[in-house]
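Chemist:
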Amino acid sequence: MKIQIVKTIRDTIKNGQLNLLKALLEDHPEMLTWMTPFGTWLHVAAAHGHLKIIEYLLNAGIDINAQGGTFSTNALERAAAKGHVAIAEYLLHHHIEMDTSEPDRNPLFAAIHSGHFPVVKLLVENQIDGCITYSGDNMKEMDAYAFAIERGQTEIAEYLKGKMDTKVERP
Numbered sequence: 047m048k049i050q051i052v053k054t055i056r057d058t059i060k061n062g063q064l065n066l067l068k069a070l071l072e073d074h075p076e077m078l079t080w081m082t083p084f085g086t087w088l089h090v091a092a093a094h095g096h097l098k099i100i101e102y103l104l105n106a107g108i109d110i111n112a113q114g115g116t117f118s119t120n121a122l123e124r125a126a127a128k129g130h131v132a133i134a135e136y137l138l139h140h141h142i143e144m145d146t147s148e149p150d151r152n153p154l155f156a157a158i159h160s161g162h163f164p165v166v167k168l169l170v171e172n173q174i175d176g177c178i179t180y181s182g183d184n185m186k187e188m189d190a191y192a193f194a195i196e197r198g199q200t201e202i203a204e205y206l207k208g209k210m211d212t213k214v215e216r217p
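Each residue of the sequence shown is one higher than the one before, counting from 47 in the numbering used here.
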């Protein structure tokens with residue numbers, strides 16, 4: 047029974063059916079905080095680009111900073127990875143954490159990986175730290191600029207380089 051409700055809620059969010067989602071969560075309020083393999087319902091809505099559903103979920107009390115999914119990210123990383131600028135902007139306006147603790151959680155790296163330049167600009171304008179470096183199995187002392195170069199995102203790399211040069215020049 048519960049598995050079917052979870053699947054129905056997920057499909058409802060994916061399809062942007064706000065009124066049906068409201069009815070489902072009114073009938074099953076305990077499902078608001080359900081954690082799926084994809085993260086919370088906020089993660090699902092962010093990945094699929096449904097701003098009205100995100101607004102509803104936040105007003106219903108879902109945790110904006112909840113982490114979940116494959117890399118234990120928050121919804122901002124999902125929006126960034128999928129290129130949903132309006133959703134990323136909305137989440138930032140509502141004080142979502144910009145998690146830069148790991149490269150897989152970093153929304154800037156997610157936007158660079160997928161080539162979403164408008165999201166990169168939004169994150170930089172909102173003071174994400176592009177100079178943080180990561181080292182691990184696949185990278186050594188790599189910051190956002192180096193990651194953009196590695197991914198072949200030259201336009202993004204040039205933008206980041208310009209922003210990093212500007213930061214260095216300031217007193």
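Positions of the beta carbon are idealized from the N, C-alpha and C atoms, including for glycine.
Please report the distance separating the alpha-carbon of W45 from that of G208.
Modeler: Residue 45 is absent from the structure shown; the chain starts at 47 and stops at 217.
Chemist: I need the DSSP call for M188, collapsed to helix, strand or coil.
Modeler: The residue you call residue 188 lines up with position 142 of the sequence shown. If DSSP states are grouped into helix, strand and coil, M188 belongs with the strands.
Chemist: In whole angstroms, what is the alpha-carbon distance linking A53 and E171?
Modeler: Numbered from its first residue, the sequence shown carries residue 53 at position 7. Numbered from its first residue, the sequence shown carries residue 171 at position 125. Going by the sequence as given, residue 53 is Lys instead of Ala. Each residue's alpha carbon lies about 37 angstroms from the other.
Chemist: Taking buried to mean at least 16 other C-beta atoms within 10 Å of its own C-beta, is N111 buried or exposed?
Modeler: Numbered from 1 along the sequence shown, position 65 holds the residue referred to as residue 111. Exposed, by the Cβ-count rule.
Chemist: With distances taken Cα to Cα, identify the nearest neighbour of H159 among A126, R56 and L64.
Modeler: If you number the sequence shown from 1, residue 159 lands on position 113. Selected option, being the one with the closest Cα: A126.
Chemist: Using the Cβ count rule (16 or more neighbours within 10 Å means buried), how would you classify N105?
Modeler: On the sequence shown, residue 105 is found 59 positions in, with the first residue counted as 1. The residue in question, N105, is exposed, as its Cβ has fewer than 16 Cβ neighbours within 10 Å.
Chemist: Taking the straight line between their C-alpha atoms, what separation do you get for R197 and T58?
Modeler: By 1-based counting over the sequence shown, the position of residue 197 is 151. By 1-based counting over the sequence shown, the position of residue 58 is 12. Cα-Cα distance, rounded: 34 angstroms.
Chemist: DSSP beta-bridge partners for Y180?
Modeler: Locating residue 180 in the sequence shown gives position 134, where the first residue counts as 1. Its beta-bridge partners are M188.
Chemist: So L78 packs on L71, CB below 8 angstroms; how close in whole Å?
Modeler: Residue numbering aside, residue 78 sits at position 32 when the sequence shown is read from its first letter. Residue numbering aside, residue 71 sits at position 25 when the sequence shown is read from its first letter. That pair is a contact at about 6 angstroms.
Chemist: State the start and end residues of the unbroken alpha helix (DSSP H) segment that holds T54.
Modeler: Position 8 of the sequence shown, counting from 1, holds the residue named residue 54. It spans K48 to K60 - the alpha helix (DSSP H) in which T54 sits, taken as one unbroken run.
Chemist: Where T179 and E148 are concerned, what is the direct C-alpha to C-alpha distance, given to the nearest angstrom?
Modeler: Residue numbering aside, residue 179 sits at position 133 when the sequence shown is read from its first letter. Residue numbering aside, residue 148 sits at position 102 when the sequence shown is read from its first letter. Between T179 and E148, the C-alpha separation is close to 10 angstroms.
Chemist: Is G208 helix, strand or coil when you go by DSSP?
Modeler: Residue 208 sits at position 162 when you count from the first residue of the sequence shown. The answer is helix: DSSP assigns G208 an H, G or I state.
Chemist: With a 10 Å radius around its C-beta and 16 neighbouring C-beta atoms as the bar for buried, classify T116 as buried or exposed.
Modeler: By one-based count along the sequence shown, residue 116 stands at place 70. Exposed, since its Cβ has fewer than 16 Cβ neighbours within 10 Å.
Chemist: Rounded to the nearest angstrom, what separates K98 and N184 at their Cα positions?
Modeler: As a working mapping, residue 98 is identified with position 52 in the sequence shown. As a working mapping, residue 184 is identified with position 138 in the sequence shown. In a straight line, the C-alpha of K98 is about 37 angstroms away from that of N184.
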